[in-house]
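The block underneath contains the structure these notes are about, expressed in C-alpha coordinates.
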Amino acid sequence: MVRGCTLIPAHTADLLLIHVVCVKTWDVEDLTTIYLVRHGETEGNASNLAQGFSDVPLNDKGRAQAKLVGERLKNWHLNAIYSSDSQRAIQTAEPLLKLRPDFEIETTPDLREKNYGVCENYSWQQLRDEYPELFAKMLDVKTGSDTKFPEGESDREQSDRVAKFTDAVVEKHDDDETILFFGHGGSIRSAAAYLCKFRLEYKWRLQTDNASISAISSAPTWRDDGWRIERWNDTNHLSLAQLDLA
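Numbering (this note's numbering), first residue to last: 1341 to 1586.
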(Lines of atoms letter the chains of each structure in order from A and count residues from 1; the text may use other names and numbers.)
(Lines give C-alpha, C1' and ligand atoms only; values in the text may rest on other atoms or scores of the structure.)
Protein backbone atom coordinates (compact mmCIF):
# COMPACT_ATOMS: atom_id res chain seq x y z
CA MET A 1 0.00 0.00 0.00
CA VAL A 2 1.16 3.53 -0.75
CA ARG A 3 0.37 5.80 2.18
CA GLY A 4 -0.30 9.52 1.92
CA CYS A 5 -0.90 9.36 -1.83
CA THR A 6 -3.61 10.34 -4.26
CA LEU A 7 -4.32 7.77 -6.99
CA ILE A 8 -6.04 9.09 -10.09
CA PRO A 9 -6.97 6.54 -12.80
CA ALA A 10 -6.66 7.57 -16.43
CA HIS A 11 -7.43 5.55 -19.56
CA THR A 12 -4.75 5.74 -22.24
CA ALA A 13 -4.26 3.33 -25.16
CA ASP A 14 -6.96 1.06 -23.72
CA LEU A 15 -4.92 0.46 -20.56
CA LEU A 16 -5.76 1.61 -17.06
CA LEU A 17 -2.95 3.87 -15.91
CA ILE A 18 -2.37 5.08 -12.40
CA HIS A 19 -1.30 8.65 -11.73
CA VAL A 20 0.08 8.95 -8.20
CA VAL A 21 1.22 12.06 -6.38
CA CYS A 22 2.65 11.25 -2.98
CA VAL A 23 4.40 13.54 -0.55
CA LYS A 24 4.63 11.18 2.41
CA THR A 25 8.11 10.43 3.75
CA TRP A 26 8.90 7.43 5.90
CA ASP A 27 10.36 7.98 9.36
CA VAL A 28 13.05 5.34 9.04
CA GLU A 29 16.75 5.67 9.74
CA ASP A 30 19.23 4.95 6.94
CA LEU A 31 16.63 5.53 4.25
CA THR A 32 17.90 5.27 0.67
CA THR A 33 15.87 7.35 -1.78
CA ILE A 34 16.02 7.30 -5.58
CA TYR A 35 14.37 10.17 -7.43
CA LEU A 36 13.29 9.28 -10.97
CA VAL A 37 12.88 12.14 -13.45
CA ARG A 38 11.57 11.56 -16.94
CA HIS A 39 13.05 13.75 -19.67
CA GLY A 40 11.16 16.77 -21.00
CA GLU A 41 9.08 16.73 -24.14
CA THR A 42 10.54 16.08 -27.60
CA GLU A 43 8.95 16.45 -31.00
CA GLY A 44 8.63 12.67 -31.03
CA ASN A 45 6.66 12.77 -27.79
CA ALA A 46 4.39 15.45 -29.21
CA SER A 47 3.82 13.25 -32.28
CA ASN A 48 3.37 10.07 -30.20
CA LEU A 49 6.36 8.22 -31.66
CA ALA A 50 8.29 5.25 -30.28
CA GLN A 51 11.67 7.00 -30.00
CA GLY A 52 13.62 4.31 -28.20
CA PHE A 53 17.40 4.66 -28.64
CA SER A 54 17.01 7.55 -31.12
CA ASP A 55 19.12 10.44 -29.83
CA VAL A 56 16.64 13.27 -30.26
CA PRO A 57 16.75 16.66 -28.48
CA LEU A 58 14.12 18.37 -26.37
CA ASN A 59 11.72 20.70 -28.13
CA ASP A 60 10.96 24.23 -26.87
CA LYS A 61 8.38 22.96 -24.41
CA GLY A 62 10.78 20.29 -23.17
CA ARG A 63 13.53 22.84 -22.54
CA ALA A 64 11.09 24.98 -20.56
CA GLN A 65 10.06 21.91 -18.58
CA ALA A 66 13.72 21.11 -17.86
CA LYS A 67 14.22 24.58 -16.35
CA LEU A 68 11.24 24.03 -14.08
CA VAL A 69 12.61 20.64 -13.01
CA GLY A 70 15.88 22.35 -12.10
CA GLU A 71 14.09 25.00 -10.08
CA ARG A 72 12.08 22.33 -8.29
CA LEU A 73 15.11 20.24 -7.36
CA LYS A 74 17.73 22.92 -6.72
CA ASN A 75 17.38 22.84 -2.93
CA TRP A 76 16.63 19.15 -2.50
CA HIS A 77 19.13 16.98 -0.67
CA LEU A 78 21.08 14.89 -3.19
CA ASN A 79 24.22 12.77 -3.04
CA ALA A 80 24.63 11.70 -6.67
CA ILE A 81 23.11 12.26 -10.11
CA TYR A 82 22.94 9.70 -12.92
CA SER A 83 21.43 10.02 -16.38
CA SER A 84 20.71 8.11 -19.52
CA ASP A 85 23.29 9.06 -22.13
CA SER A 86 20.51 10.09 -24.54
CA GLN A 87 20.64 13.83 -25.13
CA ARG A 88 17.00 14.39 -24.18
CA ALA A 89 17.75 13.09 -20.67
CA ILE A 90 21.01 15.01 -20.36
CA GLN A 91 19.34 18.22 -21.56
CA THR A 92 16.70 17.76 -18.88
CA ALA A 93 19.43 17.52 -16.24
CA GLU A 94 21.45 20.52 -17.44
CA PRO A 95 19.43 23.33 -15.79
CA LEU A 96 19.76 21.60 -12.41
CA LEU A 97 23.50 21.13 -12.92
CA LYS A 98 23.87 24.86 -13.59
CA LEU A 99 22.11 25.56 -10.30
CA ARG A 100 24.11 22.88 -8.48
CA PRO A 101 27.68 23.26 -9.81
CA ASP A 102 28.93 21.10 -6.93
CA PHE A 103 27.56 18.04 -8.76
CA GLU A 104 28.87 16.10 -11.72
CA ILE A 105 26.56 13.84 -13.68
CA GLU A 106 27.41 10.24 -14.57
CA THR A 107 25.83 9.12 -17.84
CA THR A 108 25.09 5.53 -18.82
CA PRO A 109 23.42 3.63 -21.68
CA ASP A 110 21.79 1.40 -19.05
CA LEU A 111 19.12 4.04 -18.35
CA ARG A 112 18.13 4.41 -22.00
CA GLU A 113 14.61 3.89 -23.29
CA LYS A 114 13.69 0.50 -24.74
CA ASN A 115 15.27 -0.17 -28.12
CA TYR A 116 12.58 -0.46 -30.81
CA GLY A 117 15.07 -1.66 -33.44
CA VAL A 118 13.98 -1.07 -37.03
CA CYS A 119 10.80 0.58 -35.70
CA GLU A 120 12.53 3.52 -34.03
CA ASN A 121 10.45 6.68 -34.52
CA TYR A 122 7.44 4.79 -35.82
CA SER A 123 4.09 6.06 -34.65
CA TRP A 124 2.04 3.62 -32.60
CA GLN A 125 -0.39 3.42 -35.50
CA GLN A 126 2.48 2.47 -37.85
CA LEU A 127 3.52 -0.28 -35.44
CA ARG A 128 -0.04 -1.57 -35.35
CA ASP A 129 -0.36 -1.47 -39.16
CA GLU A 130 3.03 -2.94 -40.13
CA TYR A 131 3.45 -5.48 -37.31
CA PRO A 132 -0.11 -6.36 -36.24
CA GLU A 133 0.79 -9.69 -34.62
CA LEU A 134 3.75 -8.28 -32.67
CA PHE A 135 1.73 -5.25 -31.67
CA ALA A 136 -1.07 -7.45 -30.34
CA LYS A 137 1.45 -9.53 -28.38
CA MET A 138 3.00 -6.35 -26.97
CA LEU A 139 -0.39 -5.30 -25.55
CA ASP A 140 -1.21 -8.76 -24.20
CA VAL A 141 -0.38 -8.96 -20.49
CA LYS A 142 0.72 -12.60 -20.94
CA THR A 143 3.21 -11.98 -23.75
CA GLY A 144 4.00 -8.25 -23.69
CA SER A 145 7.11 -8.38 -21.50
CA ASP A 146 8.93 -10.73 -23.89
CA THR A 147 7.78 -9.25 -27.19
CA LYS A 148 10.17 -7.17 -29.27
CA PHE A 149 10.28 -5.65 -32.72
CA PRO A 150 13.00 -6.66 -35.24
CA GLU A 151 16.50 -5.77 -33.97
CA GLY A 152 14.98 -4.28 -30.82
CA GLU A 153 14.68 -5.39 -27.21
CA SER A 154 11.82 -6.58 -25.04
CA ASP A 155 10.56 -5.00 -21.85
CA ARG A 156 12.24 -7.80 -19.93
CA GLU A 157 15.60 -7.17 -21.60
CA GLN A 158 15.34 -3.48 -20.84
CA SER A 159 14.34 -4.23 -17.27
CA ASP A 160 17.32 -6.56 -16.83
CA ARG A 161 19.83 -3.87 -17.84
CA VAL A 162 18.11 -1.24 -15.67
CA ALA A 163 18.02 -3.66 -12.73
CA LYS A 164 21.72 -4.52 -13.06
CA PHE A 165 22.64 -0.83 -13.13
CA THR A 166 20.34 0.04 -10.24
CA ASP A 167 21.75 -2.75 -8.07
CA ALA A 168 25.27 -1.48 -8.73
CA VAL A 169 24.31 2.08 -7.79
CA VAL A 170 22.58 1.02 -4.57
CA GLU A 171 25.59 -1.12 -3.64
CA LYS A 172 27.94 1.81 -4.33
CA HIS A 173 26.17 4.31 -2.08
CA ASP A 174 25.62 4.38 1.67
CA ASP A 175 22.24 3.38 3.06
CA ASP A 176 21.22 6.94 3.96
CA GLU A 177 21.99 8.57 0.59
CA THR A 178 19.69 10.19 -1.95
CA ILE A 179 20.23 9.43 -5.64
CA LEU A 180 18.74 11.07 -8.72
CA PHE A 181 18.15 9.34 -12.06
CA PHE A 182 17.26 11.19 -15.27
CA GLY A 183 15.71 8.68 -17.62
CA HIS A 184 12.80 7.71 -19.83
CA GLY A 185 9.28 6.42 -19.37
CA GLY A 186 10.35 2.82 -19.91
CA SER A 187 13.52 2.86 -17.82
CA ILE A 188 11.85 4.69 -14.92
CA ARG A 189 8.97 2.22 -14.86
CA SER A 190 11.43 -0.68 -15.10
CA ALA A 191 13.40 0.59 -12.11
CA ALA A 192 10.23 0.97 -10.07
CA ALA A 193 8.87 -2.45 -11.05
CA TYR A 194 12.16 -4.13 -10.18
CA LEU A 195 12.82 -2.40 -6.87
CA CYS A 196 9.20 -2.38 -5.67
CA LYS A 197 8.80 -6.01 -6.75
CA PHE A 198 5.65 -5.79 -8.78
CA ARG A 199 5.05 -7.73 -11.96
CA LEU A 200 6.85 -6.33 -14.96
CA GLU A 201 3.85 -6.64 -17.26
CA TYR A 202 2.00 -4.07 -15.16
CA LYS A 203 4.68 -1.38 -15.27
CA TRP A 204 2.89 0.50 -18.06
CA ARG A 205 0.00 1.17 -15.71
CA LEU A 206 2.21 3.71 -13.94
CA GLN A 207 1.55 7.05 -15.62
CA THR A 208 4.93 8.74 -16.17
CA ASP A 209 4.63 12.14 -17.84
CA ASN A 210 7.41 14.19 -19.41
CA ALA A 211 9.46 16.05 -16.77
CA SER A 212 7.66 14.27 -13.92
CA ILE A 213 9.38 13.49 -10.63
CA SER A 214 8.89 10.17 -8.87
CA ALA A 215 10.58 8.72 -5.80
CA ILE A 216 11.07 5.32 -4.23
CA SER A 217 12.81 4.49 -0.96
CA SER A 218 14.00 1.63 1.19
CA ALA A 219 15.90 0.79 4.34
CA PRO A 220 18.19 -2.22 4.85
CA THR A 221 15.80 -3.82 7.36
CA TRP A 222 12.97 -4.22 4.84
CA ARG A 223 14.65 -3.80 1.45
CA ASP A 224 14.23 -7.46 0.59
CA ASP A 225 10.46 -6.99 0.78
CA GLY A 226 10.56 -4.32 -1.91
CA TRP A 227 11.04 -0.58 -2.05
CA ARG A 228 8.17 1.80 -1.32
CA ILE A 229 6.77 4.52 -3.54
CA GLU A 230 6.99 7.95 -1.90
CA ARG A 231 5.73 10.00 -4.85
CA TRP A 232 4.79 9.17 -8.39
CA ASN A 233 4.37 11.31 -11.50
CA ASP A 234 4.62 14.56 -9.56
CA THR A 235 4.24 17.42 -12.06
CA ASN A 236 3.29 20.24 -9.69
CA HIS A 237 6.22 22.27 -11.01
CA LEU A 238 4.75 22.26 -14.53
CA SER A 239 1.72 24.47 -14.00
CA LEU A 240 0.54 26.37 -17.07
CA ALA A 241 1.18 29.64 -15.26
CA GLN A 242 4.88 28.77 -15.03
CA LEU A 243 5.32 27.20 -18.45
CA ASP A 244 5.93 30.33 -20.54
CA LEU A 245 7.29 29.46 -23.97
CA ALA A 246 7.40 33.06 -25.23
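For glycine and all other residues, C-beta sits at the position ideal for the given N, C-alpha and C.
Bounds of the beta strand (DSSP E) holding Glu1570 are Arg1568 to Asp1574. It is roughly 14 Å from the alpha-carbon of Ala1555 to the alpha-carbon of Thr1506.
For Leu1418 against Thr1575, the beta-carbon gap comes to about 20 Å, at or over 8 Å, which does not count as contact. Following the DSSP letters along the chain, one finds Ser1426 in no alpha helix (DSSP H), marked with neither H nor E.
With fewer than 16 other beta carbons inside 10 angstroms of its own, Ser1579 counts as exposed. The criterion of a C-beta distance shorter than 7 Å is not satisfied by Ile1528 and Leu1398. Non-local C-beta neighbours of Phe1393 in its own chain, meaning closer than 8 Å and more than five positions away in sequence, comprise Ser1426, Arg1452, Glu1453, Asn1455, Tyr1456 and Glu1460, ordered along the chain.
About 14 Å separates the beta carbon of Gly1380 from that of Asn1573, a gap too long to meet the 8 Å contact definition.
Collapsing the DSSP output to three states places Ala1404 in a helix. Below 8 Å, too few C-beta pairs join the region 1478-1490 and the region 1403-1414 to call them touching: fewer than three.
Within the same chain, Cβ atoms closer than 8 Å to the Cβ of Thr1483 are found at Lys1477, the five residues on either side in sequence being excluded. The three-state reading of DSSP puts Gly1457 in helix, counting H, G and I together.
Under the DSSP assignment, Tyr1375 falls in the beta strand (DSSP E) whose first and last residues are Thr1372 to Arg1378. Excluding sequence positions up to five before and after Asp1516, its CB lies within less than 6 Å of the CB of Asp1370, all in the same chain and listed in chain order.
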